[in-house]
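Undergrad:
Numbering (our numbering), first residue to last: 189 to 633.
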């Protein structure tokens, strides 16, 4: 497929990756963004989640590296620490109240290589690489309006300049909505005689509070610390080392639990969750800016793949399709997988079949994340109804698995590979793993 013009709505990670994919097929790609886009590493209003803990999973980073070769090295050159997966002691991960094993050797550490970069830094590197593509143009400071339809096919996109108030139409054969969870495509479909997608949703009632610090070089041995909430304690915490000797601390609350908003209280709460050697460093660290708070009420998957008809030349990608619980850090990786699916579909599908083929392919990438998120969330959130006996049985197995993994590096590696999107969650149920879990349970008696 070789086409003339495409427009991407939104310059977040999902929009940038979509633009990169489209640049290989369309002669012109325009990225429309509401914010004035910076040319340096800085936060912007359209990405308020950038103030909180972010990690691009290893599987997602590999996709970005494939689309934009050299990104990993550029992140490293900019100071993003490499996470050395040959040394498990560099991570403290506690799931279901059990810390994962921190001794021994992983059998395939290269499968989980990471660069720990803040969201603004990662987005800046990706954005500038996409900006450098000769057939990609950014139109920032513009509000996205409705796509223009003619005979049920997209012919352009209405935009308005936030500085002048001027309106115009950008001609396009394809419009990609990557505007996030507040995307207006469902309303647009309904207004033009199409069915709205069914929304699968469940309440998470997540809140998080974060503070960025600068610490002396080498002050922290651990580069990653994650303590997940549990049913009896609906709070948790996360810590990541970033570029320029910065560290992000994020407190997590589920089931509507409110979190402290001032720095002393945030540090005190972190002490209750994180290992003492990490808390001791953070207590003496230099705070950068003020704490930030955010809430995430519910996870939503808009099932575009189930629609009987859809406008030709319109696609949706990233959080605009499915918003995942940010606690698990899978949103950017899900967007990368959707972008890769789009690349494959563009190479093998006609324009008339593009939307249906893409949405089916995207759903296949989203589904494992959605199932894992839903199972995990119901494991830590008091609920009724859906938490049937299969759910309760799985929760019990997960708890037994994590208990056994606390002293078993092989079980720990399997879980980390699933967490990083390298393997399917089904690998944790392999007979060999079940046998190790049973063996671990017997040793604990």
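Note that beta-carbon positions come from the ideal geometry of N, C-alpha and C, so glycine has one too. None of the values given here were measured: they were computed from a predicted structure.
My guess is that residue 398 and residue 479 are in contact by the Cβ rule of under 8 angstroms, so how many angstroms apart are they, rounded?
TA: Sequence index remark: in the chain shown, residue 398 carries index 210 (1-based). Sequence index remark: in the chain shown, residue 479 carries index 291 (1-based). The Cβ separation is near 7 angstroms, so the contact holds.
Undergrad: Tell me which residues share the same chain as residue 380 and place their Cβ nearer than 7 angstroms to its Cβ, disregarding the 5 neighbours each side in the sequence.
TA: Here residue 380 is taken as the residue at index 192 of the chain shown, counted from 1. Only 337 meet the Cβ criterion.
Undergrad: Among 231, 425 and 445, which residue has its Cα nearest to the Cα of residue 483?
TA: Within the chain shown, the letter at position 295 stands for residue 483. The candidate whose alpha carbon is nearest that of residue 483 is 445.
Undergrad: For residue 223, which option in 283, 268 and 349 has the closest C-alpha, if you only look at C-alpha atoms?
TA: Here residue 223 refers to the residue found at position 35 when the chain shown is read from its first residue. Comparing Cα positions, the closest option is 349.
Undergrad: Alpha carbon to alpha carbon, what distance is there between residue 501 and residue 539?
TA: The residue you call residue 539 lines up with position 351 of the chain shown. The residue you call residue 501 lines up with position 313 of the chain shown. About 7 angstroms.
Undergrad: Just mark residue 269 as buried or exposed, buried being the case when its beta carbon has 16 or more other beta carbons within 10 Å.
TA: Counting from one through the chain shown, the residue named residue 269 turns up at place 81. Residue 269 comes out buried.
Undergrad: For the alpha helix (DSSP H) that residue 603 lies in, which residues bound it at each end?
TA: On the chain shown, position 415 is the one that residue 603 refers to. Segment 597 to 607, the alpha helix (DSSP H) holding residue 603.
Undergrad: Count the other C-beta atoms from every protein chain shown that fall within 10 angstroms of the C-beta of residue 593, then say buried if there are 16 or more, exposed otherwise.
TA: For the purposes of this step, residue 593 is taken as the residue at position 405 of the chain shown. When all chains shown are included, residue 593 counts as buried.
Undergrad: Which same chain residues end up closer than 7 angstroms to residue 367 when comparing Cβ atoms and leaving out the 5 residues on each side of it in sequence?
TA: As a first step, residue 367 is located in the chain shown; it is residue number 179 there, counting from the start. So the qualifying residues of the chain are 197, 198, 332 and 508.
Undergrad: Helix, strand or coil for residue 399, going by three-state DSSP, please let me know.
TA: Start at 1 with the first residue of the chain shown, and residue 399 comes out as number 211. Strand, per DSSP.
Undergrad: Could you work out which residue in 528, 344 and 595 is closest to residue 139 when comparing CA atoms only?
TA: With the chain running from 189 to 633 in the structure shown, residue 139 is simply not present.
Undergrad: Count the CB pairs spanning the region 275 to 282 and the region 246 to 262 that are closer than 8 angstroms, and state whether there are at least three.
TA: The answer is no - the region 246 to 262 does not touch the region 275 to 282, with fewer than three Cβ pairs under 8 angstroms.
Undergrad: For residue 429, count the other beta carbons within 10 Å of its own beta carbon; 16 or more makes it buried, fewer makes it exposed. Which is it?
TA: In the chain shown, residue 429 corresponds to position 241, counting from 1. Per the 10 Å Cβ criterion, buried.
Undergrad: Between the Cα of residue 489 and those of 566, 374, 273 and 382, spot the shortest distance and give me the residue it belongs to.
TA: Residue mapping note: residue 489 aligns to position 301 of the chain shown, counting from 1. Among 566, 374, 273 and 382, the Cα nearest to that of residue 489 belongs to 374.
Undergrad: Quick one: using the 10 Å Cβ neighbour count with 16 as the cut-off for buried, is residue 590 buried or exposed?
TA: Along the chain shown, one-based indexing puts residue 590 at 402. Per the 10 Å Cβ criterion, buried.
Undergrad: Quick one, which of 441, 208, 309 and 285 has its alpha-carbon nearest residue 231's?
TA: Within the chain shown, residue 231 is the residue found at index 43, counting from 1. Checked all of 441, 208, 309 and 285; the closest Cα to residue 231 is 309.
Undergrad: If we count the other Cβ atoms within 10 Å of its Cβ and call it buried at 16 or more, is residue 385 buried or exposed?
TA: Position 197 of the chain shown, counting from 1, holds the residue named residue 385. It counts as buried.
Undergrad: Go to residue 471, then tell me how far its beta strand (DSSP E) extends in each direction, as first and last residue.
TA: Working through the chain shown from its first residue, we reach residue 471 at position 283. Premise fails: residue 471 lies in the alpha helix (DSSP H), 464 to 472, not in any beta strand (DSSP E).
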